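K.L.:
Number of protein chains: 2
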Amino acid sequence: MNSGFRPEERVLKIDNADDPRLAPYRNIRERDLVGRSERFIAEGKVVLNVLLSSARFEAESLLVLESRLNGLEQQLRLCPPTVPVYCVSQDIMDGIAGFHVHRGILAIGRRKAAPSPAELLSGLPDRALVTVLCGISNHDNVGSIFRNAAAFEADCVLMDETCCDPLYRKAIRVSVGATLKVPYARQGTIDDIMAALAREGFETLALSPSGAQSIYDAPSAPRLALLFGTEGEGLPKALLERLRTARIPMSADFDSLNVATASGIALSRFSRFS
Amino acid sequence: MNSGFRPEERVLKIDNADDPRLAPYRNIRERDLVGRSERFIAEGKVVLNVLLSSARFEAESLLVLESRLNGLEQQLRLCPPTVPVYCVSQDIMDGIAGFHVHRGILAIGRRKAAPSPAELLSGLPDRALVTVLCGISNHDNVGSIFRNAAAFEADCVLMDETCCDPLYRKAIRVSVGATLKVPYARQGTIDDIMAALAREGFETLALSPSGAQSIYDAPSAPRLALLFGTEGEGLPKALLERLRTARIPMSADFDSLNVATASGIALSRFSRFS
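See below:
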């Protein structure tokens, strides 16, 4: 800790809100709603830790409140010397971001590569648990599902092209960084994904309130994929008809569970830890 | 359906945003953040259905978009004749509420009585499952936990006095009306609640990442209380030391689960349906 590392020598203090180096951080909230790219915003220390230790993502730059620098020595050591660390006052940070950034730590991250479902699956061990999402377009739900996938060590998450981007700012935040941690692919139709899973010898269990078996009776498999659809519509009927289906046993009197909660229950049931 | 019921004869059309009858609906969002009372806002058709069929809550009035009246025949029949149903245009509704009310259905609800934990427990059957919350102050989490309690038919929810109000607008909405459905008490310290549970012969299982047993190994009990604390701090140490504890088995490498997800997993494990 006292090895002579001086944070103030690593950081670039910026006093002018119009400094072009701050452009990627400008109006984060608005850009979030309209655009998407290979770049994303990471917020807070926990997410920054995940980003800086990721093999699939890298930091482009950091933006830190001057009052937070002292607690970040470990992160600044981990940060490659080519990655600039900008430091500003609270006023400047809030003005740039477009809202009050109370955690005081932002980073611009970038994805190095976007593997296909087939590429992800080909690298998995003989025993593997995969989470498959069809049509999940709510960022909170996607973030929560990734958090659960990390907690129960799902090997990857496969999302069809109608799912929302897990690198959306809110999805990353709700996931506590898990969208940067659990390998995922988001491309193709759900049928493409099912075909890739079948080629790799995965058994699929589709979760549905009308599923044929209770998840507690349904057998596991060495290579198991758990498939989740939206809360309202559910999974496409044609898909449910040709897949093995399971339900989370619950009251007949109440609306279905939230899909993220359902993923937590099913992942817990089929994880290697249970 | 065609029995001559005419919604337009049941409703009071209001064209003036300053009409004093609309006062309870004014600036809903702001009042939500500062005050609380026995009154609350119910939003949307599903929540309205729960409110209108509740024994513990009653509607004071309804405020409906004129374009939504046609789909509400069933609800208007259920609504006691003494409860006024106001009807406005979208402009007036948005102006009154202070935001765009896209579901177009609001109601002011009122709690009839607030039973104590002891009163709630004394009415439970020999086999019962109770959810106990200590210090859960996030409205999303409280709403989600109630949704799970309803899905798995927990008999009631007991909250210590440091938990937030489950009648907060967002908690009701996230719970899909379950905070109006599952009986609850919110009063006293967690020690008071533990004492009331013990008097009624409940076994308590405290959920904690450092719990002694896996939830899948921990035995159930005819009368079982599941205790959940906050995500950050967790349950008070003194409490954990004297209670039976259980953990949801998961990765050692990742941050703990969201408390609402944890409640879903534990309730599913110990519910009568599993």
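If you read the sequences in order, they're chains A and B. Residue numbering for the first sequence follows my numbering, starting at 629 and increasing by one per position. Residue numbering for the second sequence follows my numbering, starting at 629 and increasing by one per position. For glycine and all other residues, C-beta sits at the position ideal for the given N, C-alpha and C. Since the structure is predicted, the reported quantities are computational estimates derived from the model, not experimental observations.
1) How would you list, in chain order, the residues of chain A whose beta-carbon sits under 8 Å from the beta-carbon of B:LEU885?
2) Would a C-beta distance cut-off of 7 Å place B:ILE818 and B:ALA725 closer than the cut-off?
3) Using a Cβ-Cβ cut-off of 7 Å (strictly less than) and excluding sequence neighbours within five positions of B:MET629, which residues of its own chain qualify?
4) Measure the C-alpha to C-alpha separation of B:CYS715 and A:ASP881 and round it to an integer number of angstroms.
5) Out of B:GLY829, B:ALA849, B:VAL785, which has the shortest C-alpha to C-alpha gap to B:TYR812?
6) Going along chain A, which residues have a C-beta under 9 Å from B:SER879?
7) Using the rule of at least 16 other Cβ atoms within 10 Å of the residue's Cβ for burial, across every protein chain shown, is A:GLY763 buried or exposed?
8) With 7 Å set as the bound, which would you pick, yes or no: does the beta-carbon of B:PHE882 sit closer than that to a beta-carbon of chain A?
9) Could you tell me which chain B residues have their CB closer than 9 Å to the CB of A:ILE656, listed as they occur along the chain?
10) Skipping 5 residues on each side, what residues in its chain have a beta carbon closer than 8 Å to that of B:LEU680?
11) Cβ of B:SER772 within 7 Å of Cβ of B:VAL802?
12) Expressed to the nearest angstrom, what Euclidean distance is found between the alpha-carbon atoms of A:VAL678 and B:PHE830?
13) Please decide whether A:TYR653 counts as near chain B, where near means a Cβ-Cβ distance under 7 Å.
14) Give, in chain order, every unbroken run of the alpha helix (DSSP H) that is at least 4 residues long and sits entirely within the segment 741–781 of chain B.
15) Using three-state DSSP, classify B:TYR714 as helix, strand or coil.
16) Could you check whether A:LEU690 and A:VAL713 sit closer than 7 Å to each other, using their CB atoms as the reference points?
17) Does any CB atom of chain A fall closer than 7 Å to the CB of B:SER896?
18) Assign B:ARG654 to one of three DSSP states: helix, strand, or coil.
19) Can the beta-carbon of A:PRO837 be found closer than 7 Å to that of A:SER884?
20) Would you say B:THR889 faces chain A, with C-beta separation under 7 Å as the test?
21) Residues of the segment 841–874 of chain B in Cβ contact with chain A at a cutoff of 9 Å, in chain order, please.
22) Could you name the residues of the same chain whose beta carbon sits closer than 6 Å to that of A:LEU795, not counting the 5 residues immediately before and after it, in chain order?
23) What is the C-beta distance between A:PHE774 and A:ALA806, in whole angstroms, given that I count them as a contact (C-beta under 8 Å)?
24) Distance cutoff 7 Å, beta carbons only. Does A:LEU661 sit that close to anything in chain B?
25) Taking 7 Å as the CB-CB limit, is A:ASN630 close to chain B?
26) With 7 Å as the threshold, decide whether the Cβ of A:VAL804 is near any Cβ in chain B.
27) Look at the alpha carbon of A:LEU622 and the alpha carbon of A:ARG872, and state the distance between them as a whole number of angstroms.
28) Can you tell me whether B:HIS728 is buried or exposed? The criterion is at least 16 other CB atoms within 10 Å of its CB, across all chains shown.
29) Nearest to A:GLU637 by alpha carbon, out of A:ALA849, A:LEU697, A:ALA670, A:ASP646?
30) When the Cα of A:TYR653 is compared with those of A:ILE720, A:LEU854, A:ARG634, which residue comes out closest?
31) I need the boundaries of the alpha helix (DSSP H) containing B:GLU701, first residue and last residue.
32) Taking only three categories from DSSP, how would you classify B:PHE668?
33) Report yes if the C-beta distance between A:ILE843 and A:ALA782 is below 7 Å; otherwise report no.
34) Taking the continuous alpha helix (DSSP H) assigned at B:ILE800, which residues delimit it?
35) Going by C-alpha to C-alpha distance, which of B:LEU700, B:THR832, B:ALA777 sits closest to B:LEU855?
36) Looking at A:GLY723 and A:ALA645, is the spacing between their C-beta atoms short of 7 Å?
P.N.:
In short, the structure shows the following:
1) ARG775, ASN776, ALA779, GLY892
2) no
3) Bear in mind that the predicted position of B:MET629 carries a pLDDT of just 46, short of 50, making it too unreliable to give a figure here.
4) 30 Å
5) If we check each option's Cα against that of B:TYR812, B:VAL785 comes out closest.
6) Taking a Cβ-Cβ cut-off of 9 Å, the neighbours of B:SER879 in chain A comprise ALA778, ALA779, PHE780, GLU781, SER899, PHE901, given in sequence order.
7) buried
8) yes
9) What A:ILE656 touches in chain B: nothing, since even the nearest Cβ is about 22 Å away.
10) ALA687, GLN703, LEU706, CYS707
11) Cβ distance < 7 Å, so B:SER772 and B:VAL802 count as in contact.
12) 42 Å
13) Judged by the 7 Å Cβ criterion, A:TYR653 is not in contact with chain B.
14) 745–750, 767–779
15) Strand at B:TYR714.
16) yes
17) yes
18) coil
19) In this structure, A:PRO837 sits near A:SER884, with a CB-CB distance shorter than 7 Å.
20) yes
21) Cβ contacts with chain A come from SER842, ILE843, TYR844.
22) Here the set comprises PHE668.
23) 4 Å
24) Because the pLDDT of A:LEU661 is 47, which lies under 50, any placement of that residue in the model is unreliable, and the number read from its coordinates should be weighed accordingly. False, the Cβ-Cβ gap to chain B never drops below 7 Å.
25) Bear in mind that a pLDDT of 49 at A:ASN630, under 50, signals an unreliable position, so the number given afterwards is only what the model happens to contain. No, because no Cβ of chain B sits closer than 7 Å to the Cβ of A:ASN630.
26) yes
27) With chain A represented from 629 up to 902, any question about residue 622 of chain A goes unanswered, as that position is not in the structure.
28) exposed
29) A:LEU697
30) A:ILE720
31) For B:GLU701, the enclosing alpha helix (DSSP H) starts and ends at 701–706.
32) Strand.
33) no
34) 797–802
35) For B:LEU855, the nearest C-alpha among the options comes from B:THR832.
36) yes
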